[in-house]
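In what follows, a single structure is set out as structure tokens and then discussed.
2 protein chains.
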Amino acid sequence: MKNENRQFRLAARPVGMVKRSDFEFTSTAVPEPGPGQVLVEVQYVSLDPAMRGWMNEGRSYIPPVAIGEVMRAGTAGRVAKSNNDRFAVGDYVAGWGGVQDFVISDGKDITKVDPRLAPLPVFLGTLGMPGMTAYFGLLEVGKPKAGETVVVSGAAGAVGTVVGQVAKIKGCRVVGIAGGPEKCRWLVEDLGFDAAIDYKSEDVNKALREHCPKGVDVYFDNVGGDILDAALARMARNGRIVICGAISQYNNTTPVKGPSNYLSLLVNRASMTGMVVMDYTEKFGEAVREMAGWMKAGKLKTREEIVEGLETFPETLLMLFKGENTGKLLIKVGDA
Amino acid sequence: MKNENRQFRLAARPVGMVKRSDFEFTSTAVPEPGPGQVLVEVQYVSLDPAMRGWMNEGRSYIPPVAIGEVMRAGTAGRVAKSNNDRFAVGDYVAGWGGVQDFVISDGKDITKVDPRLAPLPVFLGTLGMPGMTAYFGLLEVGKPKAGETVVVSGAAGAVGTVVGQVAKIKGCRVVGIAGGPEKCRWLVEDLGFDAAIDYKSEDVNKALREHCPKGVDVYFDNVGGDILDAALARMARNGRIVICGAISQYNNTTPVKGPSNYLSLLVNRASMTGMVVMDYTEKFGEAVREMAGWMKAGKLKTREEIVEGLETFPETLLMLFKGENTGKLLIKVGDA
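One line per chain: the protein sequences are A and B, in this order. Per the numbering used here, the first sequence starts with residue 1, numbered consecutively. Per the numbering used here, the second sequence starts with residue 337, numbered consecutively.
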């Protein structure tokens, strides 16, 4: 076992794009679990767009990370010591361990995961928060019906890949929006999307007209900005927009770009609804079982992009905002 | 009976604020009804913010008014000649007669109204399209529950006054946003709103914090722009925004201002949904009966601002966009 606990602590509230100096990279002794507690050795750290929002001050769906606090992050790891009857040494667990080598838990904020069901990284992706976000956002907010057209932005990301594949399983026509020809080819050829739009080289408005001749019934938005406006302009009567995120706006130093085309909601009797995955916690177990079944049946494919070394955290986080990852982005913590 | 038919025809698609030269004011012979037709003498012309949208080119919920066509408008009048068994001379009817003295109808696009139920102008206001818009937008889209906080903008207008009063009838706390101290006093003292915010002299963000301590459960938006953003910032968990109109944006020469605070939908799991009153046509009769009952019981007050003379049409229409009317704005057609 490692004999130190490296930690990334928030040092400053970022202005614009996150940078290494917004964190302090420190090291401390490995903590000892007290009565009822377990010591978890973090093996994988999840990188998620939402992390950018947690670094800002102000009211949101959860409190911001305080200056000096270990940066909040989803993690998967292994129980290294246990004073809790519910966990044995060697158990694999997922939770909110933060960007560090070790975390102490009272057992309430960690969940055992079964490594026979899927490799550990998948529990931070398709069978973790991003997968749950996709599943509940699409099915409970977007409510797609077979035969409808579903469009998803950030389509090659951890949430987008699941949204598109679940929509295909539900019998929808699926169009993904992603950056670059590689991602677009992968969405169509490997994941079975009906079409993919490369926003970096194509006119998204024109491409949506072409690929969604009957309009867009469900638009699952991970990006905001101009792409949200393009989707609004193509909404079908009674269409539903799921607001899951707005990665294009998170590092702005100017105000968020509001969707100029929002009056399309009126013209098309459409709706735009926000969702936060934590609201569905009670149903996660059921969703994981269904998604694992789809994975086993080959209907739901997962892909992880794994970067080695906890020390790479600030630069690895930036990959999200530069659109450099395909599938779920993770750090494999590795040795000190 | 008048011996000419004065008409306002659309002469140009307005750029920015509507002006008299966007219309042609012409006169023609009074038309003769053919078999199955009736001749309606228009007595009142309804002035509605939506008219500005109908003057623009492009896809919307109804086709635009064509250049050279009589300007579309809701009207109330009296059957002057009839070749249709369903209508007798002297019957009062409401419909889409347009900005003119006379209109020919086959009887399918006009509805008999009962002048004993309410004065004729009320059938263009509280018991007409604006009232129906308020009733169905609030109850079927906003779905307020007793005890919730409902905020309405354009609160002293034809739609807003009904939204606020119906919300009070349903047991809600009601806050209106309107322009000027007179309108605000009227909303609170005469219509029973719990509070009114004068957007011309108050900081709307601050006033909403004060008057909506538990947040806004339903926001009924008639105006868009900065006021929509202020309401978004105050939405309660699971709040609903009804997008009915955006009068602040209709005469823009720049793109519509999209709501910068739309990510409040995510944080608060809130929704923003567009509505068009025509979707509820089949239920109008039922709503009119219920609203007439409330009027009779003194729970629902109506107010009309009536300008004399068809010839005033372009300037009277502008009163809407300058916020000069209180209650339902109408033209009493008068003599040629």
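Positions of the beta carbon are idealized from the N, C-alpha and C atoms, including for glycine. Quick caveat, the model's predicted, so the values are computed rather than measured.
Sub-8 angstroms separation of residue i and residue j beta-carbons
i      : j      : result
B/T617 : B/V477 : no
B/T469 : B/G433 : no
A/P64  : A/G58  : yes
B/P466 : B/V498 : yes
B/G594 : A/S260 : yes
A/I169 : A/S153 : no
B/A572 : B/L544 : no
B/M611 : B/C580 : yes
A/M319 : A/L330 : no
B/V578 : B/D557 : yes
B/L474 : B/T652 : no
A/G147 : A/G164 : no
B/Y428 : B/V449 : yes
B/I605 : B/N574 : It should be noted that the sequence gives Arg, not Ile, for residue 605 of chain B. Closer than 8 angstroms, so yes.
B/A424 : B/V415 : yes
B/S607 : A/S271 : yes
Neighbourhood of residue i by C-beta distance below 6 angstroms, restricted to the same chain and skipping five residues each side
i      : result
A/V99  : F8, V45, M71, A73, F313
A/P31  : I104
B/G352 : N587, T589
B/R509 : T485, D530
B/V554 : G478, P480, V486, R576
A/H211 : V175, A195
Opening and closing residue of the beta strand (DSSP E) in which residue i lies
i      : result
A/F102 : 102-105
B/E660 : No beta strand (DSSP E) contains B/E660, which DSSP labels as neither H nor E.
A/S271 : 271-274
A/G239 : 235-243
A/E304 : 304-308
A/A80  : 75-82
B/A401 : Ala is not the amino acid found at residue 401 of chain B; the sequence shown has Val there. First-last for B/V401: undefined, no H or E at that position.
B/N341 : 341-346
B/E360 : 359-364
B/V524 : Counting along the chain, B/V524 falls outside any beta strand (DSSP E), though it belongs to the alpha helix (DSSP H) covering 517-525.
A/A196 : 195-198
B/A430 : 428-431
heavy atom of the ligand GTP below 7 angstroms from residue i C-beta
i     : result
A/E69 : No copy of the ligand GTP occurs in the structure displayed, which carries no ligand at all.
Own chain partners of residue i with C-beta closer than 8 angstroms, once the 5 adjacent residues on each side are dropped
i      : result
B/G663 : G461, A492, G493, A494, T497, T638, R639, E640, E641
A/D101 : K2, E4, N5, R6, Q7, V30, E41, V42, L310, V333, A336
B/N419 : P369, G370, P371, G372, Q373, V374
B/D358 : L346, A347, A348, R349, P350, M391, P650
B/G561 : A582, S584, Q585, K593
B/A628 : L453, A454, L463
A/I197 : V175, G176, I177, A178, C184, V204, A207, L208, H211
B/P563 : Strictly speaking, residue 563 of chain B in this sequence is Ile, with Pro absent from that position. The residues are S489, I513, Y535, V540, D557, S584.
A/D229 : P259, S260, N261
Run of the alpha helix (DSSP H) containing residue i, from where it starts to where it stops
i      : result
A/E41  : No alpha helix (DSSP H) holds A/E41; the beta strand (DSSP E) holding it covers 38-46.
A/V216 : Note, A/V216: premise wrong, no alpha helix (DSSP H); beta strand (DSSP E) at 216-221.
B/E626 : 620-632
A/A50  : 50-54
A/A207 : 204-211
B/A603 : It is Val, not Ala, that sits at residue 603 of chain B in the sequence shown. Its alpha helix (DSSP H) spans residues 600-603.
Sequence-distant residues of the same chain with beta carbon closer than 7 angstroms to residue i, five excluded per side
i      : result
A/G53  : S60, Y250
A/G95  : T75, S105, D109, I110, T111
B/G516 : D534, K536
A/F284 : M132
B/R422 : G443
A/L191 : T161, G164, Q165, K301
CB contact below 8 angstroms: residue i versus chain D
i      : result
A/D221 : The structure shown contains no chain D; its protein chains are A and B.
Task: chain A contacts from the stretch 591-615 of chain B (Cβ-Cβ distance under 9 angstroms) - done: P591, V592, K593, G594, P595, S596, N597, Y598, L599, S600, L601, L602, V603, N604, R605, A606, S607, M608, T609, G610, M611, V612, D615
TODO: Could I get the ranges of all uninterrupted alpha helix (DSSP H) runs contained in the stretch 115-176 of chain A, with 4 residues as the minimum, in chain order?
DONE: 129-136, 158-169
- [ ] Could you run through the stretch 389-400 of chain B and flag, in chain order, every residue whose CB is less than 7 angstroms away from some CB of chain A?
- [x] S396, Y397
Task: Near-chain B residues of the stretch 227-257 of chain A - C-beta to any C-beta below 8 angstroms - done: D229, I243, C244, G245, A246, Q249, P255, V256, K257
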